[in-house]
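**Student:** Right, I'll just put the structure down here and ask away after.
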Amino acid sequence: MRRGPLLLLAALLPAVAAPLGAQDPDSLVASGVSAYRNLEFDDAAGFLVRANALLASRPDTALRARALMYLAAVEIYRGHGDSAQTVFRNLVRLAPGYRVDRLVFPPEVTSVFDAARRMTPAVGATVLPETRFPAGTDGFTTRLIGSTFHQIRVDVQRPDASVVRNLYAGPIGDSLSVSWDGRTGAGLPITTGRYWLVVSSLSPAGAPARVLRVPLDIVRQEVDTLPIPLEPRDLLPEQRAARGSWESLVGGLLLGAVTAGAPSALASDASLSSGRFAAGTAIAVAGVVGFVIGRAEQPIPENIAANDSTRTAWRAGVAAAAAENERRRVTAEVRIRTGPPQVIDQEGS
Amino acid sequence: MKPTRTLVLLIAWCLPHAAMAQSGALRVGVANARVERISPVDGTRSFTGVGFGIEGAFGIGPATLGVRYFESPLTADEVTDEVNLVEGEALLWVTPVRWVSVGGGPHIRAYTEAGGTERWVLWELRARGGADLLRPFLGAYVEGWMTVGASADVAEPLDAGRGLEGGLRIAVGRLPFSARLRYRVERLELGDGVRRETVEQVGIAIGIGWR
């Protein structure tokens, strides 16, 4: 089944070899198309094969796709159906979104193209050369164009092929948009470096049949962070010193003595009750108690409350700064520059 | 004026003032009262009894109004005479510094016995000094006063009047409850010293305070 293209190439190779370097692929394609329209199919095949060989190394896929389209049509009319289908499959791999102009080509050509397209799962990707977006927003968008309905998987990978983030896994029809927020699968912001956007077209068995790789040069902007507030140092003393205890002792003894003794001087000729001694003793004992307990440091509730308030405000400040820094870090701007796509086709192209 | 009517009037007067006060206290308590009278005619006579009292203090800024009512049935120690003692005070205090207060006001006392009622109206100037023994739980104070004017339905004119009170304040943590233990003695001399009257009270009161 593969003898058709080989025969075609074998027949055309001598004619192609000599003038390859001297001819312009644009004029070769134009000549091929003109010969096709004049029904000079052998001549058209010669022009288009040579043009295709010259265009293989050029990034311009539009002209090569046009050359392949006309070459496949020529092969159909030359009776080389297998060769035509091979050319069409190459065309689909080259430009998965390519659709044949049904006003230009008759049904016997378009039907072969459609059959080849259905048999060739492939995906093309359209990405901007450079994208800037804050991490966390779906700022990087890839438009995928499928040749036919099939299963695909879209990943961001490191150079060692480890998956950073799976962006999509499922079917694709004509087209599909896939977005990325610049974060890893764990939700962390991507780090600066070289990555790949990998679009794998899967066979019905689930194995990658064709892999499209787009290089991504990713730079994550460094962000200015807020300083974390220092722990407050101007806190109020939370323990009262023992110096007040002498006031308790002296005050208690003095007031107790006055309470017990002064009434005798006030009413020297009266027979006073012993209540004055009881009250005076109670005051003096209370002074001694205050002295003993007061020698131990006493907590100062109002200062403790004020310090708690200060510490709470400090902790809130630390938490707010940390949250703001995390927000800035997570949403730092990400710049992605894309390179030319590369295709790894398991069937060869 | 009858004691019960005095009490009602005192409470009625206190309530609106308490409502307006920035800080205040209301306490009720019991006290052991003792009155000793020395006169050339009757010699020395003493009366004792346990009575009931109510007191309040209402402060606005540095000024405090202190009121007190006390009533106690007294029994003579040697004979069977019975006397009902009723006291009331309304004193205005100013506290220029934390541990010193000065004040003054009327102090009314009445003895009601079978033969009639003997009423005293004493105008007093007072000073009080205090100390915190264990803030905010314990505090002590001593209060002294002198009588600067008096009117009484007794025969002898008042020569001098002095008094002293010592007390211990007890607070229950930061709760609004407090207690007060006090001893007070008042000495009145009349008729060039021929009649001397000493009034003692030892009591305890408990109540609430607010700020």
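These protein sequence lines map, in sequence, to chains A and B.
Quick note, in the working numbering, the first sequence goes up one by one and the last residue is 925.
Quick note, in the working numbering, the second sequence goes up one by one and the last residue is 217.
Heads up, the beta-carbon is just placed ideally off N, CA and C, and yes, glycines get one too.
Under 8 Å between the Cβ atoms of E162/B and L131/B?
**Tutor:** In this structure, L131/B does not lie closer than 8 Å to E162/B by Cβ.
**Student:** Please check if any C-beta of chain A sits within less than 8 Å of the C-beta of V103/B.
**Tutor:** Closer than 8 Å: no.
**Student:** Given a cut-off of 8 Å, decide if R74/B and G59/B are closer than it, judged by their beta-carbon atoms.
**Tutor:** Yes, the pair counts as a contact, with Cβ atoms nearer than the cut-off.
**Student:** CB V663/A to CB L644/A, shorter than 8 Å?
**Tutor:** Yes, the pair counts as a contact, with Cβ atoms nearer than the cut-off.
**Student:** With a cut-off of 8 Å, do at least 3 Cβ pairs link the segment 642 to 661 of chain A to the segment 673 to 692 of chain A?
**Tutor:** The answer is yes - the segment 673 to 692 of chain A touches the segment 642 to 661 of chain A, with three or more Cβ pairs under 8 Å.
**Student:** Please check the pair G851/A and V208/B, which I expect to be a contact at CB under 8 Å, by giving their CB distance rounded to whole angstroms.
**Tutor:** Confirmed, about 3 Å.
**Student:** Compute the beta-carbon to beta-carbon distance between R33/B and E203/B, rounded to the nearest angstrom, for a pair I have assumed lies under 8 Å.
**Tutor:** So it is not a contact: roughly 26 Å between Cβ atoms.
**Student:** In or out: V592/A buried (at least 16 other Cβ within 10 Å) or exposed?
**Tutor:** Confidence in V592/A is poor, its pLDDT being 48 and thus under 50, which makes the residue's placement unreliable; the coordinate value appears in the next sentence. Answer is buried; the Cβ neighbour count reaches 16.
**Student:** For a contact defined as C-beta to C-beta under 7 Å, what are the partners of N835/A on chain B?
**Tutor:** According to the sequence shown, residue 835/A is Thr rather than Asn. Those within 7 Å of T835/A in chain B are V148, G172 and Y189.
**Student:** Can you tell me which of the three DSSP states P747/A falls into?
**Tutor:** Of the three classes helix, strand and coil, the one that applies to P747/A here is strand, per DSSP.
**Student:** Which one or two residues does DSSP pair with Q207/B in a beta bridge?
**Tutor:** Per DSSP, A39/B and R190/B.
**Student:** Which of helix, strand or coil does DSSP assign to D198/B?
**Tutor:** Three-state DSSP puts D198/B in coil, outside helix and strand.
**Student:** Counting only beta-carbon separations shorter than 8 Å, does L196/B have a partner in chain A?
**Tutor:** It does not; no Cβ of chain A falls within 8 Å.
**Student:** Quick one: grab the DSSP three-state call for A166/B.
**Tutor:** Note: A166/B maps to strand in three-state DSSP.
**Student:** According to DSSP, which residues form a beta bridge with F716/A?
**Tutor:** Answer is W756/A, bridged to F716/A.
**Student:** Apart from the five residues just before and just after W890/A, which ones in its own chain have a Cβ nearer than 8 Å to its Cβ?
**Tutor:** P805, E807 and P808, listed in sequence order.
**Student:** DSSP state of S850/A, grouped into three classes?
**Tutor:** Reduced to three states, the DSSP call for S850/A is coil.
**Student:** Quick check on this structure: which residue in P142/B, A156/B and N90/B has the alpha carbon closest to the alpha carbon of S821/A?
**Tutor:** If we check each option's Cα against that of S821/A, P142/B comes out closest.
**Student:** Going straight from the alpha carbon of A120/B to that of E88/B, what length do you get?
**Tutor:** Approximately 8 Å, taken between the alpha carbons.
**Student:** Using 8 Å as the threshold, is the C-beta distance between L170/B and P839/A below it?
**Tutor:** Their beta carbons are under 8 Å apart, which means L170/B touches P839/A by this criterion.
**Student:** Three or more beta-carbon pairs under 8 Å between the segment 881 to 895 of chain A and the segment 762 to 773 of chain A, yes or no?
**Tutor:** Too few Cβ pairs lie closer than 8 Å, so no.
**Student:** Taking 7 Å as the cut-off, is the C-beta of E149/B nearer than that to any heavy atom in the ligand ADP?
**Tutor:** Inclusion of the ligand ADP in the displayed structure is not the case, the ligand content being empty and no account of it being possible.
**Student:** Quick check on the burial criterion: 16 or more other C-beta atoms within 10 angstroms. Buried or exposed for D731/A?
**Tutor:** Result: buried.
**Student:** Between the Cα of G150/B and the Cα atoms of L140/B, P182/B, S107/B and A177/B, which residue gives the shortest distance?
**Tutor:** It is S107/B.
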